Structures are given as structure tokens and as C-alpha cells.
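Visitor: Got a structure for you, questions after.
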């Protein structure tokens, strides 16, 4: 099966490259190489027995981009190898590859195909996977430990169509594959088709609808395979050109394959989750919303759960002269199913701030702050996670080809009722060689 998928993907890319070349496409290539020297005070993300080390990482890489009148393709690959000064048993390769293909059938209809692959031993490499719009399509996983090699591949296909200034519809398919060398971790994969639309009856009143189905498959018997059905319906009412109110209804049905065999371990459930709030429209493509909701989870042969949740969605890039700030925030209800430690239905909230300031053309500073709250509703031990990541750095363009960056990063997991807590400090310097402009032909 994997072999056939690989051949099919290679054939698709080959055909696409031929097509865009015929259409007088522009080809650009950006090579790069970086060397990072790092001090890490907790390489294992351990709660008590911390191991510190100096780590040298060498990473060559490149990005190939082909742009035609109606189509485009971007491929990037960044392998790296890490050398540990004291714990050479941790020496390892990391492979990070990304591919993105798009084609405009017309001004209104477009298809996007994306694939993200990661192979690593570092749990903090398993960060969130985002699509081209900045939406998270696969959650990160920091409950791994460095001794465990893992790989993750997430593929996404999306067909979108716009009709009118604000009306749109889409069809989407996502496939995720998660593999772990550690026998205590369970391999899994997901298939998630979805569809939705947004339609405004007038300049003041609109509706949104979305439905998704997920098939979750596991290689071991620790977790049951499942079918998940979800859908939402939202009514928007503007009270001014940019400001409005909304009401939404969201429903989830989870059907485990083994629910009849072991209902106490994998009980089926239904979630009802209405919410209401405010939204602000920056432009036709960017809307921020904030609201409050209440969920009621009806569990088969079990004690039902219910409670409030905050519903928020913000993704906005701000520019102030030489400074930029990206604000991303989301909250609601979700399910953690495909990771090394799947805990199921959760109430979550997260916020991320990413800023940069150019002091001069050569000298710049950047910083980021991220926090995520996860309340795993159905965990037997009432697990609640608080994750913190903070980073600050200073960079200097030594030449048009060379950049030097010094940075500090702090990572922390505060997990209630578990022993997974950790705290990590990293200080590192990176030299990157990359041309100022891509090579074009």
C-alpha cells in the first residue's frame, strides 16, 4: 500500500512539473545550510533526572519552487544531524520535508495539495502542522522522549470555490500517519474527509455549515478503532460593516469499534455544544470571533459530562513600521486521538504571539510566546495540561549570504495528576548561509 501511494505521488508530481514547464513557468531554487551550537539543560524532558548537554546540529536544505500562470509547486527538504558532546547515544538524524501544489481552474475554483513529513527523536520537533493559511491540521506531541524515534506524515487535499464576494465552499481530505519505535506507544493513522460552505443571504445575514468524518485506526489493542462524525451550523448577523453577532450549534458522535466488547474502556458518546458570541471582520478573508458555549457529553453506560467552554478564533498579522506581530488564538472542544498519548475528548484554549523588529537593515530581534490549556474530560485521573513556550533572539546579517542568530528558549509542561511535568532551558547560536534572493531561471 505504501509503495503504491509513493509511486502515485511521484507520478502526480512528475506530471505536474511537466505541465507547468510547458506553461512557461518560472523556476526558483534556494539552497541553505545552517550550523547550531546549543546548550540544553534537559535533553530527555525528564521531571527529575535531568541530563544536560552541548549539541551541535548541522542542517543543509533547499527549497524548489515552480510557478506557472495558473499553477505552482513548492518543495522543501531540511535534513539535519545532531552530535551530543556527552551522550553520543542520542546522536541522530532529523528529516523534515514539505510539499505544496496548487492549481487555479478558474478565478473562483482552486485546488491545494500539501504533504508534511517529519522523522526525529526530539519530542519538541513534533510541533503543530499548519496549512498554507496558518490553520493547525495536526497537533504536536511533547510526551515523547528523546530515546524514541518517531515519524509523522500528514497529507491534505482541498478543493475550494468562491461565488460572490464572501460566499465560498470547500471539499477536503486529510490523512495522517503516526509511527513510533517505542513499543509502549501506539502507531495510528487517520482518514478525515470534510466539506463546508459559507453563504451570505444579504450584506447583513449569513450562514456557515461544516461536516467532517474521521476514521481512526490503531495497530495495537490499547485503543479501539473508531468512527467520528461532527458537524456545525452557524448563523452570522452583522450590526455594522465589520462587527456582528453569531450563534452556533456543534455536535459530535464517537462510535468505537470495541464499544460493545469493552464499554467501560471505549464507550460511545454524543456531544451537544451550542455557543454564541461576537465577531469582527478585518477583511473578507480575516475574521476574529469570541464566544461562550456549553457542552453536554452523553456517554454510553457512563456518567455524563458537561460544562462551559470559551469559543475563540483569531489569526491576524499586524504591521507597525519596522515591526510585525502575529496573533493567533483558538479555544473550544476537540479530541486528542493521534499522538503518543491519546487522551480523547478535551476542552482547550491556546494563544500564540510572534513578533519581530528590524532595528536596522542588518540587525533584528524576534520573540514568541505560546500557551496551551488542555482539560481532558474523560481521563480517569482528571488530567489538565498547561504548556508554555517562550523564545527570544537577536539576529545579524553578517553578509548578504550569512546570518547569525543568538536565542534563548524556555519550554514547560505543567500536568496535573500525572508525572509528565518537565522544564527545559535552551541557549543556542545559529549560523545560516543562504542567498539573499533565490536562484531563478
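Numbering (this note's numbering), first residue to last: 4 to 444.
Using N, Cα and C, we set each Cβ at its ideal position, and we do this for glycine too.
A quick note: this is a predicted structure, and the numbers were derived from the prediction, not measured.
(1) Below 8 angstroms, how does it come out for the region 49-56 and the region 26-40: are there three or more Cβ pairs, yes or no?
(2) Could you give the residue range of the beta strand (DSSP E) that holds residue 185?
(3) Residue 426: which of 32, 46, 28, 33 sits nearest, CA to CA?
(4) Could you pull the start and end residues of the beta strand (DSSP E) that residue 43 belongs to?
(5) Would you check if the distance between the CB atom of residue 82 and the CB atom of residue 96 is smaller than 8 angstroms?
(6) Which class does residue 126 belong to by DSSP, given the choice of helix, strand or coil?
(7) Going by the beta-carbon positions, is the gap between residue 31 and residue 442 smaller than 8 angstroms?
(8) At the level of alpha carbons, what is the spacing between residue 167 and residue 336?
(9) Based on DSSP bridge pairs, tell me the residues matched to residue 434.
(10) Between which two residues does the beta strand (DSSP E) holding residue 298 run?
(11) Is residue 367 closer than 8 angstroms to residue 359 when the C-beta atoms are compared?
(12) Beta strand (DSSP E) containing residue 82: first to last residue?
(13) How many angstroms separate the CA atom of residue 334 from the CA atom of residue 354?
(14) From what residue to what residue does the beta strand (DSSP E) around residue 94 run?
(15) From this set, 169, 390, 401, 328, which residue's C-alpha is nearest residue 424's C-alpha?
(16) Closest to residue 293 by C-alpha separation, out of 282, 302, 301, 287, would be which residue?
(17) Going by beta carbon distance, what residues of the same chain come within less than 6 angstroms of residue 385, once the five residues before and after it are set aside?
(18) Name the one or two DSSP bridge partners that residue 105 has.
(19) Spatial neighbours of residue 162 within its chain, please: CB distance less than 6 angstroms, with the 5 preceding and 5 following residues excluded, ordered by chain position.
(20) Measure the C-alpha to C-alpha separation of residue 305 and residue 381 and round it to an integer number of angstroms.
(21) Of the residues 169, 217, 85, which one's Cα is nearest the Cα of residue 285?
(22) Run through DSSP, which three-state label would residue 386 get?
(23) Spell out the partners DSSP gives residue 220 in its beta bridges.
(24) Apart from the five residues on each side of it in sequence, which residues of its chain come closer than 7 angstroms, Cβ to Cβ, to residue 223?
Guide: The relevant details are as follows:
(1) Counting Cβ pairs under 8 angstroms, fewer than three are found: no touch.
(2) If you look at residue 185, you'll find it isn't in any beta strand (DSSP E); DSSP assigns it neither H nor E.
(3) Looking at 32, 46, 28, 33, the one whose alpha-carbon comes closest to that of residue 426 is 46.
(4) Its beta strand (DSSP E) spans residues 29-43.
(5) Annotated as proximal: residue 82 and residue 96, with beta-carbon spacing under 8 angstroms.
(6) In the structure shown, the three-state DSSP call for residue 126 is helix.
(7) It is a contact, given that the beta carbons lie within the stated cut-off.
(8) Answer to the nearest angstrom: the Cα atoms are 31 angstroms apart.
(9) DSSP output for residue 434 lists 38, 407 as bridge partner(s).
(10) For residue 298, the enclosing beta strand (DSSP E) begins and ends at 289-302.
(11) Residue 367 is positioned such that its CB atom lies closer than 8 angstroms to that of residue 359.
(12) That run of the beta strand (DSSP E) goes 74-87.
(13) Just so you know, the alpha carbons of residue 334 and residue 354 end up roughly 9 angstroms apart.
(14) Segment: none, residue 94 is in no beta strand (DSSP E) and carries neither H nor E.
(15) Answer by Cα proximity: 390.
(16) Nearest C-alpha to residue 293: 282.
(17) Closer than 6 angstroms at the Cβ level, and outside the excluded window around residue 385, lie 420.
(18) In DSSP, residue 105 forms a bridge with 75, 115.
(19) Counting only Cβ-Cβ distances below 6 angstroms, and skipping sequence neighbours, we find 114, 174.
(20) In this structure, the alpha-carbon of residue 305 lies about 10 angstroms from that of residue 381.
(21) Of 169, 217, 85, the smallest CA-CA separation from residue 285 is found for 169.
(22) The answer is coil: DSSP assigns residue 386 none of H, G, I, E or B.
(23) As computed with DSSP, residue 220 is found in a beta bridge with 192.
(24) Counting only residues of its own chain and dropping the five nearest sequence neighbours on each side, residue 223 has a CB closer than 7 angstroms to the CB of 189.
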